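Scroll down for the structure; my scribbles are underneath it.
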Amino acid sequence: MAYYLEDQLTTPVLGVRRPTVNEYFLSSYTMSIYDGCEFGCHYCDGWAYRVRPFNETVRVAVDLPERLAEELETIDRGDLIGITALTDPYQPAEETYRLTRRTLQVLADRGQPCLILTKSPAVLEDLVLLERIHEQSLAVVVFTVLTTDPYLSTKIEDKAPAPALRLDAITELKRANIPVGVAFIPIIPYVNDTQYVLQSTVQSVQEAGADFMVWDYLHIPSERHRARVNDMLTRIGNYPPSYYRELYRNQPLPDETYRAERNRDIVICCDALNLPIRAPHSIFAERLKPQNEVALLLKHTAFRDNVQGREHMAAAGQKLAELVYQNKVSDAQLRESPLYISLRRILADTSDISPS
Ligand code: SF4
691 MAYYLEDQLT
701 TPVLGVRRPT
711 VNEYFLSSYT
721 MSIYDGCEFG
731 CHYCDGWAYR
741 VRPFNETVRV
751 AVDLPERLAE
761 ELETIDRGDL
771 IGITALTDPY
781 QPAEETYRLT
791 RRTLQVLADR
801 GQPCLILTKS
811 PAVLEDLVLL
821 ERIHEQSLAV
831 VVFTVLTTDP
841 YLSTKIEDKA
851 PAPALRLDAI
861 TELKRANIPV
871 GVAFIPIIPY
881 VNDTQYVLQS
891 TVQSVQEAGA
901 DFMVWDYLHI
911 PSERHRARVN
921 DMLTRIGNYP
931 PSYYRELYRN
941 QPLPDETYRA
951 ERNRDIVICC
961 DALNLPIRAP
971 HSIFAERLKP
981 QNEVALLLKH
991 TAFRDNVQGR
1001 EHMAAAGQKL
1011 AELVYQNKVS
1021 DAQLRESPLY
1031 ISLRRILADT
1041 SDISPS
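Residue 691 is where the sequence shown starts when you use the numbering used here, and the numbers rise one by one after that.
Encoded structure:
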């Protein structure tokens, strides 16, 4: 069990609004509930940013919900808050402190949209609060699932709830009409990136009833983390260290060709099973600030354009998304988009668009 350090907040809960909307998690603000994560998954980049072991000391800012309530008064009600930053909100500390529950209460009192990223079915214990938020705006739960193989899961995330429990929780949440996604994060080269693993994971997620899936690749932000990852790979089994050296070339992400190939493979798997590769528009339509809704639509379309080789359109879509999100777009710029009619309809009531 971790050591819990009770504390008061010394920095803002939300910080500044993101310069761009997060296309995976729909968020304009990102926050964490606890500082440190007792699940301590071996690949997690949380280890890279801590001096003390990431899973042994969990800092609990007991005044976080009250501070959040104050900060919410200063932000737009259509901006979604992603409880997604580098610690799990339903790690064991939640049983003692209920800080996540108190945070959801604050969000529910204001009807602020939110998205929770977790590995734990304990999120079901807060279903009533999620339903309250969703009635007023939008509440989404995203489960991290990076394998459905229990043996592999115990090698890389042994303290987190088993993948099968997460898949069951997806089905439960869907029964309650709460939108649910899956974050297939991280894709770890040579570990969970084979065609078989990709296909079987996508299939299990789709069968559990998830609304969408997003994915990203193993980040190796520092040499210290590289050493950790190498240890983990050695524990999993034989792997050629030269493969990682060539793939990463001392960069935090695997090379672009590798990512482009995997992106294509996953899109093909998801399309075959009719599983959306980003949160579908129907989930967030009219539930967020119109500019955010439009920026997300543009970014999601741009991602598919990019995967399918339409790089020029993808770049234009991304740029337009930024302009809309920052209220700096003109009607002439919007007309450049093939989605113009839909975008204009969503933005109909906003007065921040200049005619040219
Ligand atoms: S549950 Fe998430 S935040 Fe916690 S250690 Fe695992 S990957 Fe990191």
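Each residue gets a CB set at the ideal place from its N, CA and C atoms; glycine is no exception. Nothing here was measured: the structure is a model prediction, and the numbers come from that model.
Item to check | Under 7 Å between C-beta atoms of Thr-790 and Ile-860 | outcome: no
Checklist entry - If you follow the beta strand (DSSP E) that Thr-747 is part of, which residue opens it and which one closes it? => result 747–751
Item to check | Anticipated Cβ contact below 8 Å, Ile-771 with Ala-798, distance rounded | outcome: With 8 Å as the limit, Ile-771 and Ala-798 do not qualify as a contact, their Cβ atoms being about 12 Å apart.
Item to check | DSSP-derived helix/strand/coil call for Glu-696 | outcome: strand
Checklist entry - Phe-974 by DSSP, collapsed to three states: which one? => result helix
Item to check | Length at least 4, wholly inside the stretch 756–792: the alpha helix (DSSP H) runs in chain order | outcome: 783–787
Checklist entry - Does ligand 1 have a heavy atom nearer than 6 Å to the CB of Asp-778? => result yes
Checklist entry - Regarding Lys-845 and ligand 1, is the C-beta to nearest heavy atom distance less than 6 Å? => result no
Item to check | Whether Ile-729 touches Leu-828 by CB criterion (7 Å) | outcome: The amino acid at residue 729 is misidentified as Ile; the sequence shows Phe. Against a cut-off of 7 Å, the Cβ pair of Leu-828 and Phe-729 comes out as no contact.
Next on the checklist: Buried or exposed for Thr-834, going by 16 or more other Cβ atoms inside 10 Å?
Outcome noted: buried
Checklist entry - Sorted by chain position, which residues of the same chain lie with C-beta nearer than 8 Å to Val-703's C-beta, five sequence neighbours on each side aside? => result Met-721, Leu-754, Arg-757, Leu-758, Glu-761
Item to check | 3-residue-minimum beta strand (DSSP E) runs that sit fully inside the stretch 898–935, ordered along the chain | outcome: 902–907
Checklist entry - Where does Gly-736 fall in DSSP's three states? => result helix
Item to check | Asn-920 versus Thr-837 - alpha carbon distance | outcome: 19 Å
Checklist entry - In this structure, does DSSP put Ile-823 in helix, strand or coil? => result helix
Checklist entry - Distance, Cα to Cα, Asn-936 vs Ile-877? => result Checking the sequence, you will find Glu at residue 936 rather than Asn. Their Cα atoms are separated by approximately 17 Å.
Item to check | Where the beta strand (DSSP E) through Cys-804 begins and ends | outcome: 804–808
Checklist entry - Is any heavy atom of ligand 1 found at a distance shorter than 6 Å from the C-beta of Phe-729? => result yes
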